[in-house]
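S.K.: Chains as they are written, first to last, in this note's numbering: chain A, 4 to 373; chain B, 4 to 373.
One structure follows; several queries about it will come next.
There are 2 protein chains.
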Amino acid sequence: MSTDQKTQSQQILFTRGVPPAEALPAEDLGECFDSVVRNDTSVVLQYGQQRGYAPLRKQLAEEYGVSDDEVLVGNGSLQLQDLLSKHLVNEEDAVFTEQPSYDRSILTFRRNGARVTGIPLEEDGIDVERLERALEREVPAFLYLVPDFQNPTGATLSLEKRRRVVELAERYGFYILEDIPYRKLRYRGEDLPLLRELDSAGRVITVSSFSKLLSPGMRVGFMIGSKGLIDDLTGLAENTYLAPVLPTQAAVSEYIGRGMLAPNVESLKELYRPRWEAMTSSVKQELPGATMFTSNGGFFVGVMLPEDANTQNLVGRAKEQGLVLTPGESFFADSDDGEPPRGERFVRLPFCAVTTDQIEEGVSRLAGLV
Amino acid sequence: MSTDQKTQSQQILFTRGVPPAEALPAEDLGECFDSVVRNDTSVVLQYGQQRGYAPLRKQLAEEYGVSDDEVLVGNGSLQLQDLLSKHLVNEEDAVFTEQPSYDRSILTFRRNGARVTGIPLEEDGIDVERLERALEREVPAFLYLVPDFQNPTGATLSLEKRRRVVELAERYGFYILEDIPYRKLRYRGEDLPLLRELDSAGRVITVSSFSKLLSPGMRVGFMIGSKGLIDDLTGLAENTYLAPVLPTQAAVSEYIGRGMLAPNVESLKELYRPRWEAMTSSVKQELPGATMFTSNGGFFVGVMLPEDANTQNLVGRAKEQGLVLTPGESFFADSDDGEPPRGERFVRLPFCAVTTDQIEEGVSRLAGLV
C-alpha cells in the first residue's frame, strides 16, 4: 500500500492533546534520572520537599522573577488546580472560564463545589464586555484563563484584553488563574506578556507544567502565587499526599540544569509546526463554512461548525469512519446568558500527535460528515 | 570527642517514621529508572495508565492473589486514602480508627467530612468489645486499621481479633481499610494472615506502599479492593490528578522484576533489628513505670507514660534537652466514650532512622523529663 492508501484505512485520533512518542527525549531523561537518584539520594528518595524539589523551585523562581517561596511544584498542574479550588472555592461560589475551556479544569472546579460559568471566547480571547456584565451580577472566586494557544481552541488573548482583564480583577477583587502549558510552543508571531507581568495587585496565579515541553508521564506541574497562598496550598498538599513525587521533579531540574530544555522546545516546534500548518490549511480548505479560531501555537485548532452543519451524533458517526473525536460539549461550562451552550457545534482538533497525512485525511473525513 | 560524648551533645530526632539515608538503594534504583525510561518510553513518559503502571499492577495482583482490575497504584498511599474517603464518606459519617492511630490518616478522614472515633487499642490490637459497643450506636463508613506493627504504637492485631473484626464488618456492613506499610518488616515471630485473607464478603480494602521498603520520595502506594470500587476510585483519581506519576512506578516494577526487593527488605531488617532491640530494651530499662506496646516489627515503639508522669509541655521541655518528639495528642481521634483522649501521656518512639547510641541517649533524656 502507498502511504496515502495506508492513511485512508487508518483510524485517526483527533482526541487528547498528547505529544507523539518521537517527542519524548528518553535517552537524556534516563540519564538525568540516574544522575539525580545517585547524586542527591537523601533528598530525592526521602520524604520531604513539600513545596517541591528545591533546585527546581529555584530555577522556576528565577525564570518567573519571583522568590522561591512563591513557587509550589506538585504532581501535575491539574492536582494543583484541585488544591487551589479547595482553597478558594466555597460551596456555591462561581468560577468563570472562557467558553469553551479545558474540560478537566471545568470538572475539577465543579467537583470542588463551584458553579462554573463560561464567558464567550472571541478570536482575540475572552469577551471582556460579557465578562464585565457577568462581574456586575457576581464576583467569582477566580477566573480561569489559558491565555496562550488555549485548550481547546488555540486562541490567544490579545495584549489589550490582557490589560483589561487584569484591571477588572483588581477592580472587582477576584483572582485570575492563568494556565500556560502551551506558551513556549509558539509557531508564529511574538510572545505577549504574561498576565502576571501586567498585574500590580497580586491578583494573578500562574500554573503550568512540563507535560507539553518534556513528558506528560512525569506529571511535574507548578504554581506561582503569593507566599501566603503558596504556604496555604503547601499545607493542603501535605495533608492530601504528604509529599510530592521527587525523582521526577529532580530529573526535570537536572534536564534544565544541563541546558537541554530550550533545545528540546526548539525541536518540538520544528516537529509540530508542519502539523499545525497542515491542520490550519486543511480546515480552511475542507471546512470553508466553519469558524476557525486563529491558533499560533500549542496543540489545538478549534472549529465552530456552521449553524446548518449536521452535528447529530457526530462523534458516533465519525468513529464509524475511523475518526475519533472528543465531544465538543465537554469543553462547555454553563452559559453566561442562560442559553444552552452550543458545544455540539464545536470540534477540537489536536495536531501534534498526528502526521500531516493523517491531518489531511482526518479533516477530510470530518468535512464529509457535517 | 568519643562516640558517647558526641551522642550526648547531639539533637536526637524521635519524630517522623522515615528510613535512614543508608537504607535507600540509590545505585540500583538509578539503574532501574534509566532502564524503564529508555525501554518503555512511550508508556512511562506518556499520559495514561490511570490505574497505575500495568506491569506493577500485575506484580501486585499476583502477590495478593487478586486480578489486575482490583489494583490501583497511585502517588503514595495517603493520596489513595484521601480518594477513598471522598468516595465512601458522606458528610457527618463516622470513621472508626484504633486509638491512637496514624495522625495523617485521622486528618485525611476529617478533611473529607468524617467524624473520626478512636476505639482503644490493646496489647493485641483494637478492643473488640468496645468496637462492638460503638457499632451498636452507629455503623461507620469504614474502620481504619494498621494491623501489623501499627503506627504509632507498634502493636499487632492478634489472629483471633482479626477474625472477630472481619465478622463484625460482615455483620454490620462496613468496610475495613487495612493499611500494611510495615508488614514485611517483621523482626520477630511469624506473619499473621491479612484481614483480606479472612474476609469472604468483600469488606476489606487493603492499602500499602513502597515508602518503607524502598523509598518514600518515590511516593508509590497501592490499594486493593473490588473491581467496582477500584473503577470508581480510578475515575476520581483521573479527575483529581489526570494520571499517576509513571517513571517512579515503573522503576519500582523494574526493581521487583530484577529480584531486588526481597533482598532489600532482608537488609533493611538487618539494619533495623538492632535498633528495634535497643529501643525496646531502653524503654524497659529507663521507663519502667510506662506501658509499652509490644512491637515485633516496623518503625515504632509506642509508650503510654504513667498516670503520674510529668507530661506538662513535654514536647517543649524535650526540645530544650535536644530531644525532638511528636506531640502524642496528634495520634488521638475523638474517644468512643466521650472522655477526653489521653494523648498527652502517649509517646511514639521511631527507631529506624536513629543509631542505637542515639536511641539509648534519647530514651534516657525522655526518662529524665517525666
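Glycine included, C-beta positions come from ideal geometry on N, C-alpha and C.
(1) One question on the structure: do residue 220 of chain A and residue 178 of chain B come within less than 8 Å of each other, judged by their Cβ atoms?
(2) Between residue 159 of chain B and chain A, is the shortest Cβ-Cβ distance under 8 Å, so that the two count as touching?
(3) Can you tell me whether residue 282 of chain B is helix, strand or coil according to DSSP?
(4) Anyone know if the C-beta pair for residue 301 of chain A and residue 180 of chain A falls short of 8 Å?
(5) In the DSSP assignment, find the beta strand (DSSP E) that holds residue 118 of chain B and state where it starts and stops.
(6) Assign residue 4 of chain A to buried or exposed, taking buried as 16 or more other Cβ atoms, counted over all protein chains shown, within 10 Å of its Cβ.
(7) On the DSSP bridge assignment, give the partners of residue 102 of chain B in chain order.
(8) Can you tell me which of A:96, A:108, A:93, A:102 puts its alpha carbon nearest to the alpha carbon of residue 79 of chain A?
(9) Quick test of your reading: residue 350 of chain B and residue 328 of chain B, contact by CB under 8 Å. State the CB separation rounded to the nearest angstrom.
(10) Would you kindly report the start and end of the unbroken alpha helix (DSSP H) that includes residue 319 of chain B?
(11) Tell me, which residues are paired with residue 211 of chain B by DSSP?
(12) For the region 221–229 of chain B against the region 250–262 of chain B, are there 3 or more C-beta pairs whose distance is under 8 Å?
(13) Flag this pair as touching only if the region 225–236 of chain A and the region 72–87 of chain A have three or more C-beta atom pairs under 8 Å; answer yes or no.
(14) As an exercise, report each continuous alpha helix (DSSP H) stretch of at least 4 residues that is fully enclosed by the region 223–302 of chain A, in chain order.
(15) Do the region 356–370 of chain B and the region 11–25 of chain B make contact, defined as three or more Cβ pairs closer than 8 Å?
(16) According to DSSP, simplified to helix, strand and coil, what is residue 58 of chain B?
(17) Note down, in chain order, all residues in the region 199–224 of chain A with a beta-carbon under 7 Å from any beta-carbon belonging to chain B.
(18) In chain order, what are the residue ranges of uninterrupted alpha helix (DSSP H) at least 4 long that sit wholly in the region 153–190 of chain B?
(19) Please state whether DSSP places residue 326 of chain B in a helix, a strand or coil.
(20) For residue 208 of chain B, I'd like the list of residues in its chain whose CB is within less than 6 Å of its CB, leaving aside the five on either flank, ordered along the chain.
(21) Going along the chain, which residues of the region 38–70 of chain A sit with their C-beta nearer than 7 Å to a C-beta in chain B?
(22) Nearest chain A C-beta to residue 24 of chain B closer than 8 Å, yes or no?
(23) Since residue 150 of chain B contacts residue 105 of chain B with CB under 8 Å, what's their CB separation in whole angstroms?
(24) Hey, residue 128 of chain B and residue 160 of chain B: beta-carbon distance below 8 Å or not?
(25) Of the choices A:62, A:70, A:99, whose alpha-carbon is the least far from that of residue 137 of chain A?
(26) For residue 348 of chain A and residue 114 of chain A, I'd like the C-alpha separation in whole angstroms.
(27) Where do the N-terminal and C-terminal ends of the alpha helix (DSSP H) with residue 205 of chain B fall, by residue?
(28) Could you tell me the alpha carbon to alpha carbon distance between residue 26 of chain B and residue 359 of chain B, rounded to whole angstroms?
(29) Between residue 175 of chain B and chain A, is the shortest Cβ-Cβ distance under 8 Å, so that the two count as touching?
(30) Is the distance from the Cβ of residue 118 of chain B to the Cβ of residue 144 of chain B below 8 Å?
(31) Note down, in chain order, every chain B residue with its Cβ under 8 Å from the Cβ of residue 246 of chain A.
(32) Between the alpha carbons of residue 230 of chain B and residue 339 of chain A, how many angstroms are there, rounded?
(33) So, at 6 Å on beta carbons, what are the nonlocal neighbours of residue 142 of chain A in its own chain, with the 5 sequence-adjacent residues on each side left out?
(34) Using DSSP bridges, identify the partner residues of residue 337 of chain A.
(35) Pull up the distance between the alpha-carbon of residue 247 of chain B and that of residue 294 of chain A, whole angstroms please.
(36) What number of angstroms, rounded off, separates the C-alpha of residue 196 of chain A from the C-alpha of residue 162 of chain A?
M.R.: According to the structure data:
(1) no
(2) Not closer than 8 Å to any Cβ of chain A, the Cβ of residue 159 of chain B fails to qualify, so no.
(3) helix
(4) no
(5) 118–125
(6) Caution is warranted here: a pLDDT of 47 is assigned to residue 4 of chain A, below 50, making its placement in the model unreliable, and no coordinate value can be reported.
(7) B:123
(8) A:108
(9) 6 Å
(10) 317–323
(11) B:225
(12) yes
(13) yes
(14) Within the region 223–302 of chain A, the complete alpha helix (DSSP H) runs of at least 4 residues are 230–244, 249–260, 264–289.
(15) yes
(16) helix
(17) Going along the region 199–224 of chain A in chain order, one finds 218, 219, 220, 221, 222 with a Cβ nearer than 7 Å to chain B.
(18) Residue ranges of uninterrupted alpha helix (DSSP H) with 4 or more members, entirely inside the region 153–190 of chain B and ordered along the chain, are 162–175.
(19) strand
(20) 178, 180, 228
(21) 40, 41, 44, 45, 47, 48, 49, 50
(22) yes
(23) Not confirmed; about 12 Å, so no contact.
(24) yes
(25) Comparing Cα-Cα distances from residue 137 of chain A to each of A:62, A:70, A:99, the minimum goes to A:99.
(26) Taking C-alpha positions only, residue 348 of chain A is separated from residue 114 of chain A by approximately 26 Å.
(27) Neither: residue 205 of chain B is in no alpha helix (DSSP H) and is coded neither H nor E.
(28) So the two alpha carbons sit approximately 16 Å from each other.
(29) no
(30) no
(31) Residues of chain B whose Cβ lies closer than 8 Å to the Cβ of residue 246 of chain A are, in chain order, 79, 219, 220, 222.
(32) 40 Å
(33) Contacts found: 175, 177.
(34) A:120
(35) 36 Å
(36) For residue 196 of chain A and residue 162 of chain A, the gap between their C-alpha atoms comes out near 7 Å.
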